[in-house]
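Everything on this sheet refers to the single structure shown next.
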Amino acid sequence: MWTVSSWSRYAVAAMLVDMTSKKLPEWVPASGLQLHLSGIHFDAIRLRGVRGEAALHHLATLTDGDPGPVVREIAGARWTYFLLAPGASRDFDWPPGAKCFGPAARDQYVGIPAPDGNTYPLSWRCRAPDAGDFVDAELLHGVVMAQLVPEE
774 MWTVSSWSRY
784 AVAAMLVDMT
794 SKKLPEWVPA
804 SGLQLHLSGI
814 HFDAIRLRGV
824 RGEAALHHLA
834 TLTDGDPGPV
844 VREIAGARWT
854 YFLLAPGASR
864 DFDWPPGAKC
874 FGPAARDQYV
884 GIPAPDGNTY
894 PLSWRCRAPD
904 AGDFVDAELL
914 HGVVMAQLVP
924 EE
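Shown next, in the form of structure tokens:
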């Protein structure tokens, strides 16, 4: 006979199987934070404070709430990092105010938080990515250009 507690255990077990069956990329740490060299596993576009939040809001609206992997710094300048496929950032001219972390002459690192637990001051803004999941570079570029470049 099913009771509330046995059903609850079943439901929790099913949710855990679903959560653990998704494969995280190798560059997402199991706990805490790790710095990763940009241009290897991903490129990143960094926007500051309210601009980053606004760009994320517009991107989420255009992607039915699933913009891809976005890391937010919740202290200091409140940077927002949009993670793109490796090499994707070089296909676009990013305007002032959007810092590109991609293949470069000098090393540039981006902090990556674990999916859960204490990752202060970084966190996943939407969710931790699945393997091969990235922000659409062309869509992000359009949002950033509309936000940062004045109309003539």
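With the numbering used here applied, the sequence shown corresponds to residues 774 to 925, in that order. Positions of the beta carbon are idealized from the N, C-alpha and C atoms, including for glycine.
When the options are compared against residue i, the one with the closest alpha-carbon
i	options	result
A858	V917, W852 and P842	P842
T836	A904, A910, P802 and S896	A910
G884	A828, E924, Q920 and W852	W852
A887	D906, Q881, A803 and L797	A803
G838	Q881, C899 and E826	C899
Y854	C873, G860 and G915	C873
K795	A904, E826, D880 and M918	A904
A817	H914, M918, V922 and P923	H914
D866	L808, M918 and L797	M918
G860	P868, P876 and G870	P876
L912	P840, G870 and P798	P840
R863	L797, V801, E924 and F815	F815
P869	T834, E826 and R819	R819
R879	P798, L797 and G812	G812
L797	D889, V922 and A848	D889
V922	D906, T892 and A871	A871
T892	E924, A827 and A848	A848
Bridge partners - residue i, DSSP secondary structure assignment
i	result
W800	Paired residue(s): none; W800 is not in a bridge.
P886	L806
C873	I818
E846	L895
L857	D816
Beta-carbon proximity of residue i to residue j, cut-off 9 Å
i	j	result
P902	E846	no
R821	Q920	no
L832	V908	yes
L829	Q881	no
V844	W800	no
Backbone secondary structure at residue i - three-state DSSP
i	result
V922	coil
T892	coil
T836	coil
V823	helix
V917	helix
R863	helix
A901	coil
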